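Peer 1:
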Amino acid sequence: MRQRLSVETYIEGVLKGDRVTLSRAITVMESTHPADREMAGRILQTILPFSGNSIRIGITGVPGVGKSTFIEAFGGYLTSLGKRVAVLAVDPSSKQSGGSILGDKTRMEKLSRDPNAYIRPSATNLSLGGVTRHTREAILLCEAAGYDMILVETVGVGQSETLVKGMTDFFLLLMLAGAGDELQGIKKGIMEMVDAVAVNKADHGNETAVAKAVSEYRQALHLFPETASKVPVQVLACSALEGTGMEQIWKIIEDYHAQTSTSGYLQGNRRLQRVDWLREQVRQSLEERFYENDLVKKHLGSMDEAVRSGEKLPVEAAADLIALFLGASRPA
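When you number the sequence shown by this note's numbering, it's gap-free, plus one each residue, and the end is 340.
What follows is the structure, given as structure tokens:
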């Protein structure tokens with residue numbers, strides 16, 4: 009890691025909207041070094057009153073849907089309205105792949121050059137809890153830096169959709185037409201999370217198939233229970249390639265934000281998300297301390313071997329290790 013700045017320098021740079029300082033502050037948030045975690049806490053505590061003033065939008069989609077092209081088109085549309093846009097990624101698979109989601113930002117080349125946009129490559133080699141924590145912290149920093157539109161992209165499949173839903177205000181699902189059994193291609197649980205569905209690639213003679221898919225999704229969504237926000241899920245067509253549909257998508261998000269602000273759902277949902285963050289932080293901190301414990305480190309290898317050989321059941325070995333951690337006893 010580059011030489012640390014002072015806490016005051018990080019805070020001053022972030023609040024001025026300096027992108028270099030913002031990037032360095034987010035790097036501090038991603039660090040697991042004790043000194044950096046302590047510094048991260050001080051930075052967050054100070055910038056907290058300046059955060060919370062954005063619309064947080066989660067974006068997910070089926071493979072091949074053109075998510076990067078969409079985010080570039082939609083982000084560009086938002087900056088054309090005078091908005092400041094930050095793009096973050098949540099990728100629980102990055103620890104296994106070692107890959108950085110947005111890489112060198114070539115996937116969103118035009119948006120990355122926009123002075124009113126900020127694209128943050130996904131951190132690598134973080135645990136699932138680490139990915140979640142650093143993204144939540146990055147959202148607060150971006151808001152304090154003056155970004156009023158936060159786009160959080162899911163990458164990969166599995167838990168990332170749930171994680172992103174749990175840290176955003178509005179969840180957009182991008183789908184394709186003509187792929188056959190479209191609704192079977194995405195888990196029912198994800199359909200129940202979304203606030204809008206956009207069928208992408210309504211271009212190059214694909215318009216009829218997209219219109220048919222939009223109609224089918226609208227019919228299918230009638231079978232799902234009412235959303236927690238009480239705002240009906242909208243379905244529409246768009247073409248990220250041609251930039252069409254961006255205005256309509258923004259109108260849906262804007263209306264949703266206005267309705268949920270008036271009803272109090274938005275504020276209540278953010279309060280619940282903060283409580284979830286607390287619980288996640290407790291779990292993660294306990295896990296980190298558990299594996300840092302000297303007795304646990306001493307016996308973990310032998311416990312692994314005992315489980316592999318069938319000498320101990322995993323539940324039995326786990327109980328022994330937890331007892332060591334709590335100082336209750338130690339294995340014979």
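The beta-carbon is built from N, C-alpha and C at its ideal position, and this holds for glycine as well.
None of these values were measured; they are calculated from a predicted model.
(1) Return the chain-ordered ranges of every alpha helix (DSSP H) run that is complete within the stretch 166 to 230 and spans a minimum of 4 residues.
(2) I'd like the span of the alpha helix (DSSP H) that includes residue 81, first residue to last.
(3) Residue 234: which of 205, 302, 200, 294 sits nearest, CA to CA?
(4) In whole angstroms, give me the CA-to-CA distance for residue 129 and residue 317.
(5) Would you kindly work out how many angstroms separate the C-alpha atoms of residue 300 and residue 41, rounded to a whole number?
(6) Which residue or residues does DSSP assign as beta-bridge partners of residue 93?
(7) List the residues that DSSP assigns as beta-bridge partners of residue 243.
(8) Between the Cα of residue 247 and those of 161, 78, 328, 275, spot the shortest distance and give me the residue it belongs to.
(9) Going by CA-CA distance only, name the one from 289, 198, 74 that's closest to residue 45.
(10) Please name the residue in 146, 115, 334 whose C-alpha comes closest to that of residue 98.
(11) Looking at the structure shown, is residue 69 part of a helix, part of a strand, or coil, going by DSSP?
(12) With a cut-off of 8 Å on the beta carbons, I'd call residue 160 and residue 140 a contact; round off their distance for me.
(13) Smallest Cα separation from residue 249: which of 207, 241, 327?
(14) Measure the alpha-carbon distance for residue 284 versus residue 203 and round it to whole angstroms.
(15) Considering only the beta carbon of each residue, do residue 94 and residue 158 sit closer than 8 Å?
(16) Excluding sequence positions up to five away, which residues of its chain have a Cβ less than 7 Å from the Cβ of residue 81?
(17) For a test of the three-state rule: what should DSSP assign to residue 252, helix, strand or coil?
(18) In or out: residue 151 buried (at least 16 other Cβ within 10 Å) or exposed?
(19) Are the CB atoms of residue 87 and residue 124 within a distance shorter than 8 Å?
(20) Let me know if residue 127 comes out buried or exposed under the rule of 16 or more other beta-carbons within 10 Å of its beta-carbon.
(21) May I ask you to report which of helix, strand or coil DSSP gives residue 54?
Peer 2: So, from the listed chains and residues:
(1) Taking only runs of at least 4 residues, the alpha helix (DSSP H) segments lying wholly in the stretch 166 to 230 are 168 to 173, 196 to 199, 215 to 229.
(2) Here the alpha helix (DSSP H) through residue 81 covers 75 to 88.
(3) Check the Cα spacing between residue 234 and each of 205, 302, 200, 294: the tightest is with 200.
(4) In a straight line, the C-alpha of residue 129 is about 42 Å away from that of residue 317.
(5) Those two C-alpha atoms are separated by around 13 Å.
(6) Within the DSSP bridge table, the entry for residue 93 names 125, 157 as partners.
(7) For residue 243, which the question treats as bridged, DSSP gives the partners 205.
(8) Of the candidates 161, 78, 328, 275, the one whose C-alpha sits nearest the C-alpha of residue 247 is 78.
(9) For residue 45, the closest C-alpha among the options 289, 198, 74 is that of 289.
(10) When only C-alpha atoms are compared, the closest one is 146.
(11) In the structure shown, residue 69 falls within a strand segment according to DSSP collapsed to helix, strand and coil.
(12) Cβ-Cβ separation between residue 160 and residue 140: approximately 11 Å, too far for a contact (criterion under 8 Å).
(13) Minimum Cα distance to residue 249 is reached at 207.
(14) Near 20 Å, if we compare the C-alpha coordinates of residue 203 and residue 284.
(15) Yes; because the gap between Cβ atoms is below 8 Å, this pair is in contact.
(16) So the qualifying residues of the chain are 248, 251, 254.
(17) Strand.
(18) Classification for residue 151: buried.
(19) Closer than 8 Å, so yes.
(20) Buried, by the Cβ-count rule.
(21) In the structure shown, residue 54 sits in a helix (DSSP, three-state: H, G or I).
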